[in-house]
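Undergrad: Handing you this structure, nothing more for now.
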Amino acid sequence: MASSLPPIVCLEVGTSHVRVLVAECPPDGTLVLTGGGIAPTRGVRKSEIVDFDNALASVKAALRQAEENADVEIRQVHLMVTGGHIRSLVNRGTAPVLSAERVVGPAEIEDVMRNARVLNLPHDREVLHSINQNFTVDDQTGVLNPDGMEASRLAVEVLIIHGVRNRLRNAVRVAEEAGVEVVDTVFSGLCSALGVLTVEQKEAGALVLDLGAGTTEYVIYARKSIAHAGVLAVGGDHVTNDIAVGLNLPYPAAEKIKCLHGSAQVDLGRRSQILTLPAEAGFEARQIRLHDLNVIIHARMEELFQLIKAEVEERRLQHLLGAGVVLTGGGVNLSEVSALAQRVFDLPCTIASAGASVAGLADLAARPDCAAPIGLLRYAQRSLQKEHEPMPKNRVVRWLRDAFGKGVRHGG
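Position 26 (the sequence shown) corresponds to 152 in my numbering; numbering is contiguous.
Dropping the structure here:
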């Protein structure tokens, strides 16, 4: 590229915070964070809009802060979306190879991918992404790129990620009412994977878990592409609520002791340790056992991991996860969460951020709760590069392969 791409902006309307990140894209291909804004979220529950006006005020506050910090006027954003309504499924498309030479070319590849993207979803659902998995050339399975191969028939399996149209549109409307144009909407789980995984991890296979406040996104890489993805409407605020109910505490106190003293594992050696809590918000001063606190946390987190493990096992993917489990998101700050995940999944487990993949604002980039927004910036950067440098026809199946796997299409 002869010059830098225009600045790119990502917007995340999360359960606990609205986050905006601004980045520059120099000609050398790096991504440079130049500013950001963050505001406490109001009007959002489990990453979905429940009070439009309050959510709008939060988005405006984060955008205003980002404009001041990055010294830019924000007019366009890439929007990250999630929620328990988001699902994925695998659909198969086939097409005959009709060229005189019986050689697969861009036209045949586009035809078969178009056929795979045709499916009957309920009328209220909208496709977010379609991601190529495996091509089959005649009876030969597992073909990565069929371009140039002789065949009589071509097939492809595509992972379709879809969500409830109105819930997705409400997130877009909040951004538009805040005065910005939404250039694209991208599933948060894909952003997390793009933010933290290396090429080697994608090739070896990995399970990425983004532990958020209201939701947990998961993405499974296997056989060098995305094999499955989804969302559970369970996150850190559920843990806090369990503590508040189980120990009869006000919610703010439950959140505070979770962050300061909580652990995803129960240490029997500390079972007699006592925490003294001051009186507040109509609750009397009291003492609680650290053991009781961590039993509650452990139960919720183990249940969460077991639910995701069941998804992995149902699709028989566990033996394909050579790189193990990668945790990111704000929930990784909970003590011993990695150890619990390793025990439940019986796989190596690491905690990751996207800090190594970007320049500028190192403290912000290194935060695990910024992994998904930075991944979205990466997605936006590659989309812009594609627009500014038209891709040759013989590279059609490589579009965004470095980002998400063998191929990604947006659902419009």
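We put the CB at the ideal spot given by N, CA and C, even for glycine.
1. Could you compute how far the alpha carbon of Arg295 sits from the alpha carbon of Cys317?
2. Would you check if the distance between the CB atom of Leu373 and the CB atom of Arg396 is smaller than 7 Å?
3. Among Glu462, Glu303 and His255, which residue has its Cα nearest to the Cα of Val185?
4. On the CB-based measure, 16 or more other CB atoms within 10 Å of its CB, does Lys384 come out buried or exposed?
5. Hey, how far is the Cα of Asn420 from the Cα of Ala478?
6. Can you tell me which of the three DSSP states Ala221 falls into?
7. If His211 sits next to Val290, beta carbons under 8 Å apart, how far is it from one beta carbon to the other, in whole angstroms?
8. What residue range is occupied by the uninterrupted beta strand (DSSP E) comprising Thr366?
9. Let me check understanding here. Comparing Cα to Cα, which of Ile422, Phe409, His354 and Ala491 lies closest to His387?
10. Just to check my reading of the structure: Phe261 and Ala281 have Cβ atoms closer than 8 Å, yes? What is that Cβ distance to the nearest angstrom?
11. Hey, would you say Val308 sits closer than 7 Å to Val300, going by beta carbons?
12. Output needed for Ser464: all residues of its chain with C-beta closer than 8 Å, excluding positions within five of it in sequence on either side, in chain order.
13. As a quick exercise: from His354, Ala498 and Gln259, pick the residue whose alpha carbon is nearest that of Asn271.
14. At 4 residues or longer, what runs of the alpha helix (DSSP H) sit wholly inside the segment 197-247?
15. Per DSSP, Val334 is paired with what?
16. Taking only three categories from DSSP, how would you classify Gln327?
17. Could you tell me whether the segment 144-159 touches the segment 325-339, where touching means 3 or more Cβ pairs closer than 8 Å?
18. With a Cβ-Cβ cutoff of 7 Å, do Glu252 and Met206 count as a contact?
19. Do you know whose CA, among Lys382, Pro376, Lys435 and Arg426, lies nearest Phe409's CA?
20. Flag this pair as yes or no: are the beta carbons of Thr220 and Ser173 separated by less than 7 Å?
21. If I follow the unbroken alpha helix (DSSP H) through Asp418, where does it start and stop?
22. Hey, would you say Ile287 sits closer than 7 Å to His255, going by beta carbons?
23. Using C-beta distances below 6 Å, list every residue in its chain close to Val135, excluding the 5 sequence neighbours before and after it, in chain order.
24. Count the other CB atoms within 10 Å of the CB of Pro378; is the residue buried (16 or more) or exposed (fewer)?
25. Specify the secondary structure class of Asn473 as computed by DSSP and reduced to three states.
26. Among Glu513, Val170, Ser461 and Ala480, which one has its Cα closest to the Cα of Ala390?
27. Please report how far the alpha carbon of Ser314 lies from the alpha carbon of Ala226, in whole angstroms.
28. Among residues of its own chain, excluding the 5 on either side of Gly361, which ones have a beta-carbon nearer than 6 Å to its beta-carbon?
29. Around the C-beta of Ser278, are 16 or more other C-beta atoms found within 10 angstroms, so that it is buried, or is it exposed?
30. Measure the C-alpha to C-alpha separation of Leu466 and Leu157 and round it to an integer number of angstroms.
31. What are the start and end residues of the beta strand (DSSP E) that includes Gly321?
32. Should Gly209 and Ala330 be called a contact, given that it needs their Cβ atoms to be closer than 7 Å?
33. What did DSSP end up calling Val298 once you bin it into helix, strand or coil?
34. Skipping 5 residues on each side, what residues in its chain have a beta carbon closer than 6 Å to that of Met275?
35. Where Ala181 and Pro166 are concerned, what is the direct C-alpha to C-alpha distance, given to the nearest angstrom?
TA: Let's see:
1. Here residue 295 refers to the residue found at position 169 of the sequence shown. Here residue 317 refers to the residue found at position 191 of the sequence shown. Straight-line Cα distance between these residues: approximately 19 Å.
2. Residue numbering aside, residue 373 sits at position 247 when the sequence shown is read from its first letter. Residue numbering aside, residue 396 sits at position 270 when the sequence shown is read from its first letter. Contact: no.
3. As a first step, residue 185 is located in the sequence shown; it is residue number 59 there, counting from the start. The option with the nearest alpha carbon to Val185 is Glu303.
4. Taking the first residue of the sequence shown as 1, we reach residue 384 at position 258. Answer is buried; the Cβ neighbour count reaches 16.
5. Along the sequence shown, read from residue 1 onward, the residue named residue 420 stands at position 294. Along the sequence shown, read from residue 1 onward, the residue named residue 478 stands at position 352. Computed Cα separation, rounded: 24 Å.
6. If you number the sequence shown from 1, residue 221 lands on position 95. Strand at Ala221.
7. One-based indexing of the sequence shown puts residue 211 at position 85. One-based indexing of the sequence shown puts residue 290 at position 164. That pair is a contact at about 4 Å.
8. Start at 1 with the first residue of the sequence shown, and residue 366 comes out as number 240. Segment Gly362 to Leu373 is the alpha helix (DSSP H) holding Thr366; no beta strand (DSSP E) there.
9. In the sequence shown, residue 387 corresponds to position 261, counting from 1. For the residues Ile422, Phe409, His354 and Ala491, the minimum Cα distance to His387 belongs to Ile422.
10. Along the sequence shown, one-based indexing puts residue 261 at 135. Along the sequence shown, one-based indexing puts residue 281 at 155. Correct: roughly 7 Å between the Cβ atoms.
11. Here residue 308 is taken as the residue at index 182 of the sequence shown, counted from 1. Here residue 300 is taken as the residue at index 174 of the sequence shown, counted from 1. For Val308 and Val300, no; Cβs fall outside 7 Å.
12. As a working note, residue 464 is residue 338 in the sequence shown. Here the set comprises Leu453, Val458, Cys475, Thr476 and Ile477.
13. Residue mapping note: residue 271 aligns to position 145 of the sequence shown, counting from 1. For Asn271, the nearest C-alpha among the options comes from Gln259.
14. 232-242
15. By 1-based counting over the sequence shown, the position of residue 334 is 208. Answer by DSSP bridge pairing, in chain order: Val345 and Val452.
16. By one-based count along the sequence shown, residue 327 stands at place 201. Reduced to three states, the DSSP call for Gln327 is helix.
17. no
18. The residue labelled residue 252 in the question sits at position 126 within the sequence shown. The residue labelled residue 206 in the question sits at position 80 within the sequence shown. Going by C-beta atoms, Glu252 is not nearer than 7 Å to Met206.
19. Position 283 of the sequence shown, counting from 1, holds the residue named residue 409. Nearest C-alpha to Phe409: Pro376.
20. Here residue 220 refers to the residue found at position 94 when the sequence shown is read from its first residue. Here residue 173 refers to the residue found at position 47 when the sequence shown is read from its first residue. Contact: no.
21. Within the sequence shown, numbered from 1, the residue matching residue 418 stands at position 292. Where Asp418 is concerned, the enclosing alpha helix (DSSP H) stretches over Leu416 to Glu440.
22. Within the sequence shown, residue 287 is the residue found at index 161, counting from 1. Within the sequence shown, residue 255 is the residue found at index 129, counting from 1. A contact, by the Cβ cut-off of 7 Å.
23. Within the sequence shown, the letter at position 9 stands for residue 135. Cβ within range, chain order: Val148, Ile200 and Val203.
24. For this step, residue 378 is matched to residue 252 along the sequence shown. That one is exposed.
25. Translated into positions along the sequence shown, residue 473 becomes position 347. The identity of residue 473 in the sequence shown is Leu, whereas the question assumes Asn. It is coil, neither helix nor strand.
26. To locate residue 390, count along the sequence shown from 1; it is residue 264. Considering only alpha carbons, the answer is Ser461.
27. Numbered from its first residue, the sequence shown carries residue 314 at position 188. Numbered from its first residue, the sequence shown carries residue 226 at position 100. Looking at the two C-alpha atoms, the distance is approximately 44 Å.
28. Within the sequence shown, numbered from 1, the residue matching residue 361 stands at position 235. Excluding sequence neighbours, Gly361 sits near Gly338, Ala339, Gly340, Thr341 and Thr342.
29. The sequence position of residue 278 within the sequence shown is 152, counting from 1. The residue is exposed, with fewer than 16 neighbouring Cβ atoms inside 10 Å.
30. For the purposes of this step, residue 466 is identified with residue 340 of the sequence shown, where counting begins at 1. For the purposes of this step, residue 157 is identified with residue 31 of the sequence shown, where counting begins at 1. Answer to the nearest angstrom: the Cα atoms are 34 Å apart.
31. Taking the sequence shown and counting its residues from 1, one reaches residue 321 at position 195. Not the beta strand (DSSP E): Gly321 falls in the alpha helix (DSSP H), residues Ser314 to Val322.
32. Numbered from 1 along the sequence shown, position 83 holds the residue referred to as residue 209. Numbered from 1 along the sequence shown, position 204 holds the residue referred to as residue 330. No, the Cβ-Cβ distance between Gly209 and Ala330 is not below 7 Å.
33. Indexing the sequence shown from 1 puts residue 298 at position 172. Helix at Val298.
34. In the sequence shown, residue 275 corresponds to position 149, counting from 1. For Met275, where only same-chain residues beyond five positions count, the Cβ hits under 6 Å are Val230 and Val263.
35. Stepping through the sequence shown from its first residue, residue 181 is reached at position 55. Stepping through the sequence shown from its first residue, residue 166 is reached at position 40. When rounded, the distance between both Cα atoms is 10 Å.
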